[in-house]
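Below: the structure, in structure tokens.
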Amino acid sequence: MTPHGTATPVRDGRPTPEGSPAGAGADVPTTPPSAASTPVRATGPLATQTGPYFGDFGGRYVPEALIAALDELDAAYHEARDDPSFQAELARLHATYTGRPNPLTEVPRFAAHVSPGVRVFLKREDLNHTGSHKINNVLGQALLVKRMGKTRVIAETGAGQHGVATATAAALLDLECVVYMGEEDTQRQALNVARMQLLGATVVPVTTGSRTLKDAINEALRDWVASVDRTHYLLGTVTGPHPFPEMVRDFHSVIGEEARAQVLDITGGLPDAVLACVGGGSNAMGIFNAFLDEPGVRLFGFEAGGHGISSGLHAARFSGGSPGVLQGTRSYVLQDEDGQTRASHSVSAGLDYPSVGPEHAWLHEIGRVDYRPVTDAEAMQAFRLLCRTEGIIPAIESAHALAGALAVGPELLAAGRPDGGEPVLVINLSGRGDKDVATAAAWFDLIDDEERLHAGEGEQL
Amino acid sequence: MSTAVTGDAPAAPAPSVVPAAGATVRSRTGEHLDALRAGGPDRAGRAALVGYLPVGFPTVPGSVDAVRAMVDAGVDVVELGMPYSDPVMDGPLIQRAVEAALAGGTKVRDTLAAVEATADAGAPVLVMTYWNLVLRYGVDAFARDLAAAGGAGLITPDLVPDEAGEWLAASDAHGLDRVFLVAPSSSPQRLASTAAASRGFVYAASTMGVTGERASVGTGAEGLVAQTRAAGAARVCVGLGVSTGEQAAQVAAFADGVIVGSALVRALTDAATPAAGITALQGVVAGLAAGVRGAHRPAGGAA
């Protein structure tokens, strides 16, 4: 028995060839059945894929102790999804608490740098309450926690965005909240630690392993195994065991639904390309989902290229990783020849993770989404460019998508539009950069080291 | 449960465990446990003592010495831990030992070498591994090389039978035991499917939690063992939180084996020198071995 579908031969853990053609048509002579890289072709709607498996990826690679809770969550989620009263309550919070719908902003001065002759729009998740897209998923899961009758939530956080969002929802809905955060990240993001504490959450610094996001997830999983009868693990992205990848995508799909309606309203048509940064991949899945089944819309995901792929210091799973299992799911993983997880690197804490959501792995393999790395330096240049051309300080995570636009703009212009009009790009501006002011100021030598040490207490506000 | 259709790879049905085709595959661990339980003319039947140590701590040769020493001191089945960067089922003590092993350069091939170096010590050797290491090596290739090294099978803490298709096939092909876990939260259906998929024994987690020493063994352990047997398991061993001879005796009264890890690792981590670690380890094992031998088992308790 193989859970990965009958036609898929065993993979041996080596990377599959890059750039294999997207879902080669059924009339194309097929490679022999033994070829390990045969992509799984999707003939149904991509947008409604459900777990546990996305092609070869996904599943539930967790201790048996958690299976009952995952089953319970799966059942509760699907029941809630189909319950109009649940959806109405979530919609009410989106409208009255988060501030949805947020606008789609055209940015012509930035677009001039992307390529003269293209139109660029930003989906403004940065304007949400708590400052990023993370709140969409957090409110959905927190409502689910109330439905399930649990009283405590735990979460992992890297940069602190998901931790702050979770602490916010826990305060709103009267839930006990514990956030696990790598010790190194608690030091890098001291202000967000204070935010979570102000909101009533307990922040636990994690001192094992690499002391970053990956280790915070391990610690949250260990807590969950021991406390699962009353605790929900409010996972912050589209990875982990089923049903998290599907559920978190669904809670973020409002991003793409709004963006699609807005861009249709403004331009009269669909965009030529939609771009997002990809860490775990939740903001990207959220905006991609509404466009997955539009073959005319090109989709781009930008991973953290760190110091460059050849340096080994990056978080580009699709350029420097290979299929594997990490933290509950089968996806692409940065790993060494033995299968030990390799440390990731990025100037952006939110993209600094050695694996990626399994649906992205599948979209990569079938060629529906084009994943490319963006270096730290490219992201920071784009960060500054948006600040100066449009008066918007983006999260450094989101700046990777902006840098990606600068890179692919000329390609899109050259490809043109069937109607001869100006190519339209929609970029998901997943978060705002308040949290990143100290990092950016140091990057651009705006403050000296002494000031940088204190920046977390003053500058970021 | 899927509404989506995937082209030439129909969505797998909701994973249900295929009953193990184990009838034709002998279980080395199972036979050893059965022999211990049956006893003999000069010794009473008893539960087994299963001892965990990670490869590479304090060094690879040092861990081989420690495994052989713990078998000499009374461990009946070896659980050899393959160090992994993200051990989510392990508490701080084992995490730190494993981190040290990795920092010291321990590789997957060292585990296979350690199996080979301990397989003749007198106890079946099961490798405890997180799944990605086996996936990366290649499931069938790992099974082949483990069998060639003299290993008895695998204990897989983050692989449930639902995801274990390749491993079920490879373990059958290479005659290996496959120990899956059950937990207090497992439904009766999952107890049955896990029991059916396991060969050797079923690992019952005494409590909801990760590895580590605890003041008392979970009160639900005895019930879980009974339910797992009722669900079809031939043998059930209990782990998590057992660290003293007294606890071992208590568990040995109702289980087929008592699994101890953190208390053994602590003997090594707390020692000033490797030699002192071995001495301390043998002392801890002696106490646990006395526990499993002193357990009061109900007459004819070989159910």
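Protein sequence lines correspond, in order, to chains A and B.
For the record, in the first sequence the residue sitting at position 68 is 68 according to our numbering, with numbers rising by one throughout.
Each number in our numbering corresponds to the 1-based position in the second sequence with 461 added.
C-beta atoms are modelled at their ideal positions from N, C-alpha and C, and glycine is treated no differently.
These figures come from a predicted structure and were not determined experimentally.
Exercise. Leaving out five residues before and five after A580(B) in sequence, what residues of the same chain have Cβ atoms less than 6 angstroms from its Cβ?
Worked result: Taking the second sequence and counting its residues from 1, one reaches residue 580(B) at position 119. Closer than 6 angstroms at Cβ, skipping near neighbours: V586 and G611.
For this session: Specify, as a first and last residue, the run of the alpha helix (DSSP H) that P243(A) falls within.
Result: Taking the first residue of the first sequence as position 1, residue 243(A) is located at position 243. P243(A) -> no alpha helix (DSSP H), and no H or E assigned at all.
Exercise. Three or more C-beta pairs closer than 8 angstroms, one from the stretch 77-93 of chain A and one from the stretch 366-382 of chain A: is that the case here?
Worked result: no
Exercise. Between which two residues does the alpha helix (DSSP H) containing S632(B) stretch?
Worked result: By one-based count along the second sequence, residue 632(B) stands at place 171. That run of the alpha helix (DSSP H) goes G626 to H635.
Exercise. Does any C-beta atom of chain A lie closer than 8 angstroms to the C-beta of Y513(B)?
Worked result: Start at 1 with the first residue of the second sequence, and residue 513(B) comes out as number 52. Put simply, the CB of Y513(B) is far from chain A, with every gap to its CB atoms at 8 angstroms or more.
Problem set entry | Straight-line gap, T680(B) to T705(B) (C-alpha atoms, nearest Å) | To locate residue 680(B), count along the second sequence from 1; it is residue 219. To locate residue 705(B), count along the second sequence from 1; it is residue 244. Their Cα atoms are separated by approximately 16 angstroms.
Exercise. Under a three-way DSSP split, which group does M181(A) fall into?
Worked result: In the first sequence, the residue the question calls residue 181(A) occupies position 181. Here M181(A) sits in strand by DSSP.
For this session: Under 9 angstroms between beta-carbons, which chain A residues line up against D633(B)? List them in chain order, please.
Result: Looking up residue 633(B) in the second sequence gives position 172. In chain order: nothing, as chain A lies at least about 12 angstroms away.
Exercise. Given a threshold of 16 other Cβ atoms within 10 Å of its Cβ, counted over all protein chains shown, does A482(B) qualify as buried or as exposed?
Worked result: Looking up residue 482(B) in the second sequence gives position 21. For A482(B), the predicted model reports a pLDDT of 46, less than 50, meaning its position is unreliable and no value from the coordinates is stated.
For this session: List the endpoints of the continuous beta strand (DSSP E) containing H232(A).
Result: In the first sequence, the residue the question calls residue 232(A) occupies position 232. Unbroken beta strand (DSSP E) run through H232(A): T231 to Y233.
Exercise. Taking only beta-carbon atoms, is A610(B) less than 8 angstroms away from chain A?
Worked result: To locate residue 610(B), count along the second sequence from 1; it is residue 149. Not one chain A Cβ lies under 8 angstroms of A610(B).
Problem set entry | Nonlocal neighbours in the same chain, by C-beta distance under 7 angstroms from V118(A), ignoring five residues either side | What you label residue 118(A) is simply residue 118 of the first sequence in a count that begins at 1. The answer, listed in chain order, is A111, G409, L412, L413, E422, P423 and L425.
For this session: Compare the C-beta of P63(A) with all C-beta atoms of chain B and state if any pair is closer than 8 angstroms.
Result: Locating residue 63(A) in the first sequence gives position 63, counting from the first residue. Yes, P63(A) counts as interfacial toward chain B.
Problem set entry | Interface flag, T520(B) vs chain A, CB-CB below 8 angstroms | Here the question's residue 520(B) lines up with position 59 in the second sequence. Not an interface residue.
Problem set entry | chain A contact residues for P618(B), given Cβ-Cβ distances below 7 angstroms | In the second sequence, residue 618(B) corresponds to position 157, counting from 1. What P618(B) touches in chain A: P63.
Exercise. Relative to the alpha-carbon of N428(A), which residue among A273(A), E156(A), V179(A) and M247(A) has its alpha-carbon at the smallest distance?
Worked result: If you number the first sequence from 1, residue 428(A) lands on position 428. Taking only the C-alpha atoms, the option nearest N428(A) is A273(A).
Problem set entry | Among E540(B), L563(B) and V521(B), nearest to S210(A) - alpha-carbon criterion | The residue you call residue 210(A) lines up with position 210 of the first sequence. With distances taken between Cα atoms, S210(A) lies closest to L563(B).
For this session: Could you give the DSSP three-state label for E337(A): helix, strand or coil?
Result: Along the first sequence, read from residue 1 onward, the residue named residue 337(A) stands at position 337. Residue state, collapsed to three classes: coil.
Exercise. At least one CB of chain B closer than 8 angstroms to the CB of A68(A): is that the case?
Worked result: For the purposes of this step, residue 68(A) is identified with residue 68 of the first sequence, where counting begins at 1. Yes, because at least one Cβ of chain B sits closer than 8 angstroms to the Cβ of A68(A).
Exercise. Taking the DSSP output, what are the residues bridged to S355(A)?
Worked result: Taking the first sequence and counting its residues from 1, the one referred to as residue 355(A) is at position 355. Paired residues: V333(A).
Exercise. Using the beta-carbon of each residue, which ones in chain B are nearer than 9 angstroms to A226(A)?
Worked result: Here residue 226(A) refers to the residue found at position 226 when the first sequence is read from its first residue. Correct list: T668, M669, G670 and V671.
Problem set entry | Neighbour-count burial assignment, T239(A), 16 or more Cβ in a 10 Å radius | Position 239 of the first sequence, counting from 1, holds the residue named residue 239(A). With 16 or more Cβ atoms within 10 Å of its Cβ, T239(A) is classed as buried.
Exercise. Just the Cα atoms here: how many angstroms apart are A756(B) and G281(A)?
Worked result: Taking the second sequence and counting its residues from 1, one reaches residue 756(B) at position 295. Taking the first sequence and counting its residues from 1, one reaches residue 281(A) at position 281. Distance between the alpha carbons of A756(B) and G281(A): 53 angstroms.
For this session: Could you say if the stretch 626-646 of chain B and the stretch 595-613 of chain B meet the contact criterion of at least three C-beta pairs nearer than 8 angstroms?
Result: yes
Exercise. Using the beta-carbon count (16 or more within 10 Å), is P295(A) buried or exposed?
Worked result: The sequence position of residue 295(A) within the first sequence is 295, counting from 1. Classification of P295(A): exposed, given that the 10 Å Cβ count is below 16.
Problem set entry | Element boundaries [beta strand (DSSP E), containing V325(A)] | Working through the first sequence from its first residue, we reach residue 325(A) at position 325. Per DSSP, V325(A) belongs to the beta strand (DSSP E) from S322 to L326.
For this session: For the beta strand (DSSP E) holding L270(A), just list the boundary residues, first then last.
Result: Position 270 of the first sequence, counted from the start, is the residue given in the question as residue 270(A). That residue, L270(A), is in no beta strand (DSSP E); it is neither H nor E in DSSP.
Problem set entry | Neighbour-count burial assignment, D445(A), 16 or more Cβ in a 10 Å radius | As a working note, residue 445(A) is residue 445 in the first sequence. The residue is exposed, with fewer than 16 neighbouring Cβ atoms inside 10 Å.
Exercise. Under 8 angstroms between the Cβ atoms of L473(A) and L221(A)?
Worked result: Here chain A has residues from 1 to 461 only, and residue 473(A) is not among them.
Exercise. Cα separation between R372(A) and H345(A)?
Worked result: Looking up residue 372(A) in the first sequence gives position 372. Looking up residue 345(A) in the first sequence gives position 345. Cα to Cα, the separation comes out at about 16 angstroms.
For this session: Compute the distance between the beta-carbons of G350(A) and Y332(A), then report whether it is under 8 angstroms.
Result: If you number the first sequence from 1, residue 350(A) lands on position 350. If you number the first sequence from 1, residue 332(A) lands on position 332. For G350(A) and Y332(A), no; Cβs fall outside 8 angstroms.
Exercise. If you draw a straight line from the alpha carbon of A695(B) to that of D215(A), how long is it in whole angstroms?
Worked result: If you number the second sequence from 1, residue 695(B) lands on position 234. If you number the first sequence from 1, residue 215(A) lands on position 215. Distance between the alpha carbons of A695(B) and D215(A) is about 37 angstroms.
Problem set entry | A42(A) versus A509(B) - alpha carbon distance | By 1-based counting over the first sequence, the position of residue 42(A) is 42. By 1-based counting over the second sequence, the position of residue 509(B) is 48. Caution is warranted here: a pLDDT of 44 is assigned to A42(A), below 50, making its placement in the model unreliable, and the coordinate value is therefore given only provisionally. Using only the alpha carbons, I get a separation of about 51 angstroms.
For this session: Apply the 10 Å Cβ neighbour rule to L198(A) and answer buried if 16 or more other Cβ atoms are within range, or exposed otherwise.
Result: Taking the first residue of the first sequence as 1, we reach residue 198(A) at position 198. Residue environment for L198(A): exposed (fewer than 16 other C-beta atoms within 10 angstroms of its C-beta).
For this session: Tell whether a beta-carbon distance below 8 angstroms holds between R60(A) and V621(B).
Result: Walking along the first sequence from the start, residue 60(A) turns up at place 60. Walking along the second sequence from the start, residue 621(B) turns up at place 160. In contact: R60(A) and V621(B) (Cβ atoms closer than 8 angstroms).
For this session: List the residues of chain A whose Cβ lies closer than 8 angstroms to the Cβ of L554(B), in chain order.
Result: As a working mapping, residue 554(B) is identified with position 93 in the second sequence. Here the premise fails: no neighbours, minimum Cβ distance about 11 angstroms.
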